[in-house]
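Have a look at the structure below, then the notes.
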Amino acid sequence: MAILLPQQFFNLAAGVGKSYYEDLTGGKNASVTVQNNSTFAVELVLTRVNAPVISYAIPAGNSLTIVAHGLLVAALLANGGGATFGFIQVATADI
Numbered sequence: 007m008a009i010l011l012p013q014q015f016f017n018l019a020a021g022v023g024k025s026y027y028e029d030l031t032g033g034k035n036a037s038v039t040v041q042n043n044s045t046f047a048v049e050l051v052l053t054r055v056n057a058p059v060i061s062y063a064i065p066a067g068n069s070l071t072i073v074a075h076g077l078l079v080a081a082l083l084a085n086g087g088g089a090t091f092g093f094i095q096v097a098t099a100d101i
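To convert a position in the sequence shown, counted from 1, into the working numbering, add 6.
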């Protein structure tokens, strides 16, 4: 069964990070969509079961959708360039 979690808006100061999804019970298959509406890049940081932590830089005014197996944590990090804002949405699936 798929679950679409509520869309969450973010507004992060430069150098600040925040977690927007956590499943510490063993991970879920999920897709994560980030829309960066700011003039600075934001990083999507994903922690998965038995896998290295990966991060994706999302340039200003762009979006990214990633499908991850065994997702534990999805977080955003504003790099040192400046404040970022936009939204993040997570959809999980028990397959």
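Quick reminder that beta carbons are idealized off the backbone N, C-alpha and C, glycines included.
As the structure is a prediction and not an experimental result, all values here were calculated from the model.
Can you have a look at residue i and say buried or exposed, based on whether 16 or more other CB atoms are within 10 angstroms of its CB?
| i | result |
| --- | --- |
| GLY92 | buried |
| GLY21 | exposed |
| THR45 | exposed |
Thinking C-alpha only, which one of the options is nearest residue i?
| i | options | result |
| --- | --- | --- |
| GLY86 | THR71, GLN95, VAL48 and VAL79 | VAL48 |
| VAL73 | ALA8, LYS24 and VAL38 | VAL38 |
| GLY33 | THR71, LEU52 and SER69 | LEU52 |
List the residues that DSSP assigns as beta-bridge partners of residue i.
| i | result |
| --- | --- |
| LEU77 | LYS34 and ARG54 |
| GLY86 | Looking at the DSSP assignment, GLY86 forms no beta bridge with any residue, so it has no partner. |
| THR98 | ILE9 and ALA36 |
| ALA63 | GLU49 |
Return yes when the C-beta of residue i is under 8 Å from any heavy atom of the ligand ZN, and no when it is not.
| i | result |
| --- | --- |
| PHE15 | This structure lacks the ligand ZN, and indeed carries no ligand of any kind. |
Who are the near neighbours of residue i in its chain, counting only those whose CB is closer than 8 Å to its CB and skipping five residues on each side?
| i | result |
| --- | --- |
| ASN35 | VAL73, ALA74, HIS75, GLY76, LEU77, THR98, ALA99, ASP100 and ILE101 |
| LEU11 | TYR27, GLN95, VAL96, ALA97 and THR98 |
Is the Cβ-Cβ distance between residue i and residue j less than 9 Å?
| i | j | result |
| --- | --- | --- |
| TYR26 | LEU82 | yes |
| ASN68 | ASN42 | yes |
| ILE64 | VAL40 | yes |
| LEU30 | LEU50 | no |
In chain order, what residues of the same chain have a beta carbon less than 7 Å from the beta carbon of residue i, not counting five sequence neighbours either side?
| i | result |
| --- | --- |
| ILE60 | LEU52 |
Once the 5 residues before and after residue i are set aside, which same chain residues still bring their CB inside 6 Å of it?
| i | result |
| --- | --- |
| ALA19 | ALA89 |
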